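> 1 is the number of the first residue of the sequence shown in UniProt numbering; add one for each residue after it.
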Amino acid sequence: MPRENRKRGKKHKKQREEEPSYDAKPERELETREEPSWIVPAANHAEEVNPEAPFGYVDVDVKAYFRTVDVQIQEWQEIQEESAADEDVDPNEQRRLFFIAALTEMQGKEKQLATDPDCSVILERMSYSMDDFVRRVFLDTLAGSYEVLLRHRFASHVCQTLFTVARDTISRETKGVIAQASTSQEEGELRSMTQLILDICEEILPAFSSLVMDPFASHVVRSLLLLLSPNLSASEENSQSALRSKKSAAWKAKQGHMKSVFSDEKGKGKDTLRNVPPEFRKMARRIVEVVRDELDGNETRAMAANKVACPGLQMLLEVEADQGMANEPNSLMDRVTVGLITACLNDPAADVEESDYLGTLLRDPHSSHLLETIVSRCPDSAFQALWRTYLKGKLGRLGAHPVANFVLAKALERVSESGLSEAYQELDGVWSRLIRTARTGVLRAIIDRAAALGASAEPLPQVLYTAFEIVDEENKKLLIPCVLTLLPLPDYLSALANRKPDNDAPSSRHRGRQTQTVSDPLESKIQGSLLVQSLLKLPPPHNQFVIDAIFALPVDERIKIAQTPSGSRISDAFLDSTTVPAKAKRQLVMDFIGHYHLLIDDKLGSRVGDRCWAFADTYLKEKIARSLISQEHALAASFYGKFFARNLNLYLLQRRPEEWRTMQSNRKKAQQSQSGDVAIPPEKREAIVGEQPSTNKNQKRKSRPDNEIDALFEAKLGKKIKKATLAETQSVVADGPTTKESTKTGDKELDQVLGAIRSAPGHETPARKKRKH
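What follows is the structure in structure tokens.
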């Protein structure tokens, strides 16, 4: 019967008996049919194993509780450590109690919380505040499930954070500082952090090759390799691409600060782990051997073309080179270089046939990072073969290529003097094009290599003049502005002529509802600042042209450069460079005399002023301070200048210059002793340093004077004031100075200060209160 003709109501059995169907089965057979017990429907099986929550979902109430925990931790992390001195309860104790309650609630739910999209970030934030014992317990509770957790979208980041904070715990364990574990037989023995990391590696070792290619586990594997081999290159350790993608790093930056909430652990995470247990190096070697055995040459080379696996292969090459395993036949580096290592081992001087595979890596945006690692970490014989086969004779094209120039810059860091001379000849007609396309990596690599070799730097002045199209002798004084702006001289002069007087800031062009920001072409560039800093590191005869170009600029122009983010670093490099003569450094500091009040009236300029003050000796400091006596009120009114004025102590200089000189000399010696420049015995060092200001802010508050008058006199006369003098001044403020007392002080400015205090509205001293009564 058609569906539209059916009617609602009770069905009659007689009609069904009257109209039998051939397809109908006996009613008795339908009732007795049963499915075997071992058959499980596919739908039920899918519900039990959910890839999004392999260990189950977190209860709603538990998730709400941990959200409140996250809010509280974020508040503590954002608040600056300023605990009130009047509180009897230690704020760290309150936080520890709160943290213990959160850990108690987390017990037994670690895996569910780690795989939850909201609670996984909370666990990451909490892991920074865990002590060594709690971290070990947390890692131990996840044992047996690390392969699943590493492949999970959210739990993988929790594991990565745990491996990151485990570095501090392992560093303390290598020094013999191990948290006491529970000896209860019911709970069992808690393994150390070192043993836990080794057991985690044993757990994931059979699936390590597949984890490197997993989109969620790859970054965790790289963090684990950095933990096992901390002696890898600093660039790989600090780069975001080594641990997180740009998208992941930007997302984590939005989560706010992640640090310990306890104030007594502020400096614990600053120690870098360099001395690892010997078991870690053995485990790293085993991981490389496992990857070698499980993958053949084609699979290893295919990883270089994979966006996910390429960073992991790059880290494996770093570990292999660190272990001394790269210079072996059939190594990972030998496979990626298509047998280059084996060919060099057989005959180092033989010509290697060029491979299209490496030529593709040289120009691929992702795989070129892998080739940079190969160029920087391969053996010397293999590098010479790479230079002869793939780079020599092509430097002009590779230097102008948007991707290959980075590989060439890495290769130039290892070339010999003969290779550097070849680079000068091949790049002779390409310098100007490199500057116009803002690809300065090759030029900076040549400058750094010339500075490292200490020779072959004679052509560099002409190279710079050619790159920036400076021909006339008169225009050589414009070298620094051209380098900072990365503009050849004709472009710089035209931009300078077209610049409006009020065009000190980027302008905006309105296109409908959108606003397009047009940057100033004369703005200092970071690449230009790095070029100048590299030039200042050249040996003394060869960096003189840069020093002369800096001194050729007017002081006003130097102040403008020092007040820019990239230009301020030039002053640091100038004063820190060991190849710049001391006479030139002194001249740089002296040229600002008479202009320091303009220099330090800026956020970045004040930092440059502090650097100049720290470099100057006592005699030069006195000249700087005396030049600023007339600008004392301007410094006090400046937001940044008032901090620089604290170092001057102009009042003490005017009243007691000998004491001021002694104080500055002692401070200079104390700084040199702390930096290790001068060897001073400990007993004399304490006498030189004197009483250092306390770092505890509670003690600072307790040491504040009860009387505001005392604070005023300490600011004016210094802290070395006798109690009798303080008593005399308090009586003078209360009752008014007599003629005898005023002659004792002999200070007209002090009389003016006292008169201003007495005449201030609302100011009542204890003597005045007695008179009123």
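Think of the CB as a built atom: it goes at the ideal place given N, C-alpha and C, for glycine as much as any other residue.
All figures in this text were calculated on a predicted structure; none of them were measured in a lab.
#1: Report, in whole angstroms, the separation of the C-beta atoms of M130 and I73, which I expect to be a contact under 8 Å.
#2: Going by beta-carbon coordinates alone, are H597 and L628 separated by less than 8 Å?
#3: Does the beta-carbon distance from L464 to L484 come in below 8 Å?
#4: For R95, which residues from the same chain have a beta carbon less than 7 Å from its beta carbon, with the 5 sequence-adjacent residues on both sides left out?
#5: With DSSP collapsed to three states, give me the class of E658.
#6: Rounded to a whole number of angstroms, what is the C-alpha to C-alpha distance between N50 and Q107?
#7: Between the alpha carbons of A645 and L635, how many angstroms are there, rounded?
#8: Does DSSP put Y57 in a helix, a strand or coil?
#9: Is DSSP giving Q514 helix, strand or coil here?
#10: Indicate whether P278 and A326 have their beta-carbon atoms separated by less than 8 Å.
#11: For the region 378-423, which segments carrying the alpha helix (DSSP H) assignment without a break, of at least 4 residues, lie completely within its bounds, in sequence order?
#12: Of the choices P461, R301, G359, whose alpha-carbon is the least far from that of N543?
#13: Using 10 angstroms around the beta-carbon of A84, count the other beta-carbons present and answer buried if the total reaches 16, otherwise exposed.
#14: Going by C-alpha distance, which of E632, N649, G605 is nearest E622?
#15: Select from G528, V471, E469, A385 the residue whose C-alpha is nearest the C-alpha of V442.
#16: So what's R135 in DSSP terms, helix, strand or just coil?
#17: In three-state DSSP terms, what is Q107?
#18: If you reduce the DSSP assignment to three classes, tell me which class Q587 lands in.
#19: With distances taken from CA atoms, which of A343, D116, Q587 is nearest A552?
#20: State the start and end residues of the unbroken alpha helix (DSSP H) segment that holds residue 775.
#21: If we ignore side chains and look at the alpha-carbon of each, how far apart do E87 and V532 end up?
#22: Hey, out of R281, V137, D168, F138, whose CA is closest to C201's CA?
#23: Have a look at F216, L386, R439 and flag the residue whose alpha-carbon is nearest the alpha-carbon of V415.
#24: Give me the Cα-Cα distance between I570 and P488, rounded to the nearest whole angstrom.
#25: Please list, in chain order, all residues of the same chain as E294 whose beta carbon is under 6 Å from its beta carbon, the five residues on each side excluded.
#26: Rounded to whole angstroms, what is the Cα-Cα separation between residue 774 and F66?
#27: Between which two residues does the alpha helix (DSSP H) harbouring V276 extend?
#28: Taking 8 Å as the cut-off, decide whether the C-beta atoms of A423 and I446 are in contact.
#29: Just to confirm my understanding: we take L198, look at its own chain, exclude 5 residues before and 5 after, and list those with CB closer than 7 Å. What are they?
#30: Going by Cα to Cα distance, which pick from D334, A207, S145 is closest to C159?
#31: Can you name, in chain order, every residue of its own chain whose Cβ lies under 7 Å from the Cβ of N306, other than the five neighbours on each side?
#32: Measuring CB to CB, does S223 end up less than 8 Å from T300?
#33: How many angstroms separate the CA atom of A495 from the CA atom of P521?
#34: Any chance the region 559-579 sits against the region 600-610, with 3 or more Cβ pairs inside 8 Å?
#35: Assuming L538 contacts A451 (C-beta within less than 8 Å), just tell me the rounded distance between them.
#36: Quick check: what's the CA-CA separation for H157 versus L652?
Reading off the structure:
#1: Your numbering for residue 130 matches position 130 in the sequence shown. Your numbering for residue 73 matches position 73 in the sequence shown. Not a contact, Cβ separation roughly 12 Å.
#2: For the purposes of this step, residue 597 is taken as the residue at position 597 of the sequence shown. For the purposes of this step, residue 628 is taken as the residue at position 628 of the sequence shown. Yes; because the gap between Cβ atoms is below 8 Å, this pair is in contact.
#3: The residue given as residue 464 occupies position 464 in the sequence shown. The residue given as residue 484 occupies position 484 in the sequence shown. No, they are not a contact pair.
#4: Locating residue 95 in the sequence shown gives position 95, where the first residue counts as 1. Contacts found: W76, V261, F262.
#5: The residue given as residue 658 occupies position 658 in the sequence shown. Residue state, collapsed to three classes: helix.
#6: In the sequence shown, the residue the question calls residue 50 occupies position 50. In the sequence shown, the residue the question calls residue 107 occupies position 107. Approximately 22 Å between the Cα atoms of the pair.
#7: Locating residue 645 in the sequence shown gives position 645, where the first residue counts as 1. Locating residue 635 in the sequence shown gives position 635, where the first residue counts as 1. So the alpha carbons of these two residues sit roughly 6 Å apart.
#8: Locating residue 57 in the sequence shown gives position 57, counting from the first residue. Looking at Y57 - three-state DSSP - the assignment turns out to be coil, as it is neither helix nor strand.
#9: Against the sequence shown, residue 514 aligns to sequence position 514. Per-residue confidence for Q514 stands at a pLDDT of 42, beneath the threshold of 50, marking its modelled position as unreliable; no derived number is given.
#10: In the sequence shown, counting from the first residue as 1, residue 278 sits at position 278. In the sequence shown, counting from the first residue as 1, residue 326 sits at position 326. Not a contact, by the Cβ cut-off of 8 Å.
#11: 380-386, 395-400, 404-412
#12: Position 543 of the sequence shown, counted from the start, is the residue given in the question as residue 543. Answer by Cα proximity: P461.
#13: Taking the first residue of the sequence shown as position 1, residue 84 is located at position 84. Summary for A84: the model assigns pLDDT 37, below 50, so the residue's position carries little reliability, and this model does not support an answer.
#14: For the purposes of this step, residue 622 is identified with residue 622 of the sequence shown, where counting begins at 1. Per the Cα distances, N649.
#15: In the sequence shown, counting from the first residue as 1, residue 442 sits at position 442. Cα-wise, what sits closest to V442 is G528.
#16: If you number the sequence shown from 1, residue 135 lands on position 135. It is helical.
#17: Numbered from 1 along the sequence shown, position 107 holds the residue referred to as residue 107. Here Q107 sits in coil by DSSP.
#18: Here residue 587 corresponds to residue number 587 of the sequence shown, with the count starting at 1. Here Q587 sits in helix by DSSP.
#19: On the sequence shown, residue 552 is found 552 positions in, with the first residue counted as 1. Answer by Cα proximity: Q587.
#20: Lying before the first or after the last residue shown, residue 775 is absent from the chain, which here runs from 1 to 773.
#21: Your numbering for residue 87 matches position 87 in the sequence shown. Your numbering for residue 532 matches position 532 in the sequence shown. At E87, the pLDDT of 45 sits below 50, so the modelled position is not reliable; the number obtained from the coordinates is stated separately. One C-alpha to the other measures close to 53 Å.
#22: Mapped onto the sequence shown, residue 201 falls at position 201. Closest by alpha carbon: R281.
#23: Stepping through the sequence shown from its first residue, residue 415 is reached at position 415. Checked all of F216, L386, R439; the closest Cα to V415 is L386.
#24: As a first step, residue 570 is located in the sequence shown; it is residue number 570 there, counting from the start. As a first step, residue 488 is located in the sequence shown; it is residue number 488 there, counting from the start. So the two alpha carbons sit approximately 20 Å from each other.
#25: Along the sequence shown, one-based indexing puts residue 294 at 294. Once the five neighbours on either side are set aside, the close Cβ partners of E294 are S209.
#26: Absent from the model: residue 774. The displayed extent of the chain is 1 to 773, so no value can be given.
#27: Against the sequence shown, residue 276 aligns to sequence position 276. It is not in any alpha helix (DSSP H) - V276 carries neither H nor E in the DSSP assignment.
#28: Here residue 423 corresponds to residue number 423 of the sequence shown, with the count starting at 1. Here residue 446 corresponds to residue number 446 of the sequence shown, with the count starting at 1. The Cβ atoms of A423 and I446 lie closer than 8 Å to each other.
#29: Your numbering for residue 198 matches position 198 in the sequence shown. If we look at L198 and ignore the five residues flanking it on each side, its Cβ neighbours are E279, M283.
#30: What you label residue 159 is simply residue 159 of the sequence shown in a count that begins at 1. Considering only alpha carbons, the answer is S145.
#31: Counting from one through the sequence shown, the residue named residue 306 turns up at place 306. Hits under 7 Å: M213.
#32: Along the sequence shown, one-based indexing puts residue 223 at 223. Along the sequence shown, one-based indexing puts residue 300 at 300. Against a cut-off of 8 Å, the Cβ pair of T300 and S223 comes out as no contact.
#33: Here residue 495 corresponds to residue number 495 of the sequence shown, with the count starting at 1. Here residue 521 corresponds to residue number 521 of the sequence shown, with the count starting at 1. Just so you know, the alpha carbons of A495 and P521 end up roughly 7 Å apart.
#34: yes
#35: Sequence index remark: in the sequence shown, residue 538 carries index 538 (1-based). Sequence index remark: in the sequence shown, residue 451 carries index 451 (1-based). Indeed they touch by this definition, with Cβ atoms about 5 Å apart.
#36: Against the sequence shown, residue 157 aligns to sequence position 157. Against the sequence shown, residue 652 aligns to sequence position 652. Each residue's alpha carbon lies about 57 Å from the other.
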